[in-house]
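Please read the structure below before turning to the comments.
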Amino acid sequence: MNLKSDLSNIEEFLPKGLSADKHLKAKTLFLKNLSLKAHKFYRGKLTVLPKVWPLSGQWLGVWYTPGVSAVSTAIRDENSLSFDFTSRGGKVLVLSDSTRVLGDGDCTAPGGLGVMEGKAILMKYLGGFDASAMCINSRDEKGKSSAQKIIDFALMSAPSYGAINLEDISQPNCYKVLDELQKCCPIPVWHDDAQGTACITCAALINALKLVRKKIEQIKIVLYGAGAANSTVARFLMAMGANGGNIILFDSKGALSKKRTDLKNNPDFYRQWDLCLKTNPLNIQTQEDAFKNADVLIALSKPGPDTVKSEWIKLMANKAIVFACANPVPEISPEKASAAGAFITATGRGDYPNQVNNSLCFPGILKAVLLCRAKAITDTMGIAAAKAIALAAQKKGLKTDRILPDMSDKEVYPLQVKAVVAQAIKEGLAQNNITPQQAYIKAKADIAQVHRLSKKLYKDGIIKQLPQKYLKSALKETLKNL
6 MNLKSDLSNI EEFLPKGLSA DKHLKAKTLF LKNLSLKAHK FYRGKLTVLP
56 KVWPLSGQWL GVWYTPGVSA VSTAIRDENS LSFDFTSRGG KVLVLSDSTR
106 VLGDGDCTAP GGLGVMEGKA ILMKYLGGFD ASAMCINSRD EKGKSSAQKI
156 IDFALMSAPS YGAINLEDIS QPNCYKVLDE LQKCCPIPVW HDDAQGTACI
206 TCAALINALK LVRKKIEQIK IVLYGAGAAN STVARFLMAM GANGGNIILF
256 DSKGALSKKR TDLKNNPDFY RQWDLCLKTN PLNIQTQEDA FKNADVLIAL
306 SKPGPDTVKS EWIKLMANKA IVFACANPVP EISPEKASAA GAFITATGRG
356 DYPNQVNNSL CFPGILKAVL LCRAKAITDT MGIAAAKAIA LAAQKKGLKT
406 DRILPDMSDK EVYPLQVKAV VAQAIKEGLA QNNITPQQAY IKAKADIAQV
456 HRLSKKLYKD GIIKQLPQKY LKSALKETLK NL
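Below, the structure written as structure tokens:
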């Protein structure tokens, strides 16, 4: 047995003849088993390296005392100089209370740290900027997370960062924290589970609609799940021209409409009530009625299998588009969705075609706001990024199994940077004097530098290769537990 380090041959070692759901379970188990072993071997995914030299003799008096006193007093007299004299302007805070980590729910305060480190390493490798992973204990004596504590921590931390990325915060705190910080935080705040998911979902839908030759203004859309992700997807879609009257959202209690009085005047669901007023005017209640002749399904709800039924997909319109993006297991497998009549399918997983992955957007968007020092991140900036991502895929050629670029596409991130900076300038939000083209060139150079450095560290043995025994052990445990 020889598993390739890129895992491209894992399929060869899985049992033959498994059903689609069993095959998906096998791959998920293997990745989870390997993840535990790899994380323990490396003891996390991030380290801190100096970017100045030399670090000896009189130079220590430049980097530290007494020379650095001049930096302190300069920033004291003009705080904005902190973006020029320190790493602040190229650093993002990845902040979470770990109350809704992926599909695993509340994992306790330190439980989300592996995910936050994962976000941070993608920001570095794909966006060319630094990030700090931070999971905070914002819980009270009853174990309930406090939105105000998260807000206070973010505001206290803001002087050390150029932007804040909120992650894996449960409802309703995710809304409360984002809304309040967007009002009062001196640096831009981005909620990746909401705005990031909406951005990449819209990018995928732009190209899927292009392939099926349907217009967003005319399509019927079912949004299965009405949490932070899909409620923001709905907002983005309507901003892009979708007719709210043709959109139906489902939460755990049923379809959203004006008759959902349980959501009215409920501070925990104020965004959902706004969507009740803007969507589903016919008060459609059942999944069967909602899916009938629907052109698009965007499912961002609970993991499957069979959260979404094959029978519902069969009711959809010709050339139906099905995005089943729950992790780690989609609401319906692509195989089942295709068998039921879906023309284009997408998931949140990297082992299927058309991965709708936030990693295609947040590194580029955050790099853009750092470079132009944007005051905020607006929905229109997110939509500009979505259009840039869609265009990057179009340049490579669209197919039903390729509606988005790969994360390895070197152009997708600088192109987003260019588009987002242009939008920030258009909206009067850019504080740095940088053109979109200059930002594009800078982003491309910074990302290339990180790639070169990472390869050199690996080649020189500073980053060690995971021993083959860990891959074999993970596969053995997977096969044993199937």
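Heads up: the sequence shown at position 199 corresponds to 204 in the numbering used here, and the numbers run straight through without jumps. Think of the CB as a built atom: it goes at the ideal place given N, C-alpha and C, for glycine as much as any other residue.
Around the beta carbon of Ala-75, a 10 Å sphere encloses fewer than 16 other beta carbons of the protein chains shown; the residue is thus reported as exposed. Taking 9 Å as the cut-off, the beta carbon of Ala-234 is found closer than this to the beta carbon of Ala-199. Around the Cβ of Phe-46, a 10 Å sphere holds fewer than 16 other Cβ atoms; the residue is exposed. Thr-33: member of the alpha helix (DSSP H) spanning 25-47, first to last residue. Ala-395 places its beta carbon 9 Å or farther from that of Gly-369. Going by DSSP, Ala-479 is part of the alpha helix (DSSP H) stretching over 473-485. In this chain, the beta strand (DSSP E) harbouring Phe-348 covers 347-352. Inclusion of Lys-283 and Met-321 in the CB contact set at 9 Å is not warranted, their separation being larger than that value. Taken in chain order, the whole alpha helix (DSSP H) runs of length 4 or more contained in the stretch 172-259 are 178-189, 202-217 and 233-244. Cβ-Cβ distances below 8 Å link His-44 to Lys-50 and Gly-119 in the same chain, with the five nearest sequence neighbours on each side left out; the list follows chain order.
Apart from sequence neighbours up to five positions away, the residues of its chain that approach Asn-142 with a beta-carbon distance below 7 Å are Ala-114, ordered along the chain. Looking at the backbone, the Cα of Trp-68 and that of Gly-133 are separated by about 23 Å.
For Leu-403, the three-state secondary structure derived from DSSP is coil. Uninterrupted alpha helix (DSSP H) stretches at least 4 residues long and entirely within the stretch 312-378 occur at 315-319, 339-344 and 367-377, given in chain order. Comparing C-alpha distances from Arg-378 to each of Gln-428, Lys-32, Val-53 and Gly-249 shows the shortest one belongs to Gln-428.
For Cys-281, the enclosing alpha helix (DSSP H) starts and ends at 275-283. For Leu-65, the uninterrupted alpha helix (DSSP H) segment begins and ends at 65-68.
Beta bridge pairing from DSSP links Val-97 with Ala-136 and Ala-168. Excluding the 5 residues flanking it on each side, Ile-388 has same chain C-beta neighbours closer than 7 Å at Cys-207, Phe-241, Ala-244 and Met-245, in chain order. Assignment of beta-bridge partners to Ile-303 by DSSP yields Leu-228 and Phe-328.
Residue pairing by DSSP places Arg-144 opposite Ser-150 in a beta bridge. Spatial neighbours of Ala-213 in its own chain (CB-CB distance under 7 Å, excluding positions within 5 residues in sequence) are listed in chain order as Ile-326, Ile-349 and Ile-408. Remark: C-beta atoms of Ser-87 and Pro-164 approach each other more closely than 9 Å. DSSP places Leu-118 in the uninterrupted alpha helix (DSSP H) bounded by 118-127.
Counting C-beta pairs closer than 8 Å gives fewer than three between the stretch 179-196 and the stretch 217-231, which falls short of the contact rule.
Using a Cβ-Cβ distance cut-off of 8 Å, the stretch 337-347 and the stretch 11-30 are in contact, since at least three pairs of beta carbons, one from each stretch, lie closer than that value.
Ala-159 has no beta-bridge partner at all, per DSSP. Considering only Ser-338, Ser-13, Ser-175 and Leu-434, the residue with the shortest C-alpha distance to Ala-304 is Ser-338. Sorting Gly-66, Val-53, Glu-17 and Leu-12 by C-alpha distance to the C-alpha of Ser-40 places Leu-12 at the top. As a beta-bridge residue in DSSP terms, Ala-435 pairs with Ala-379.
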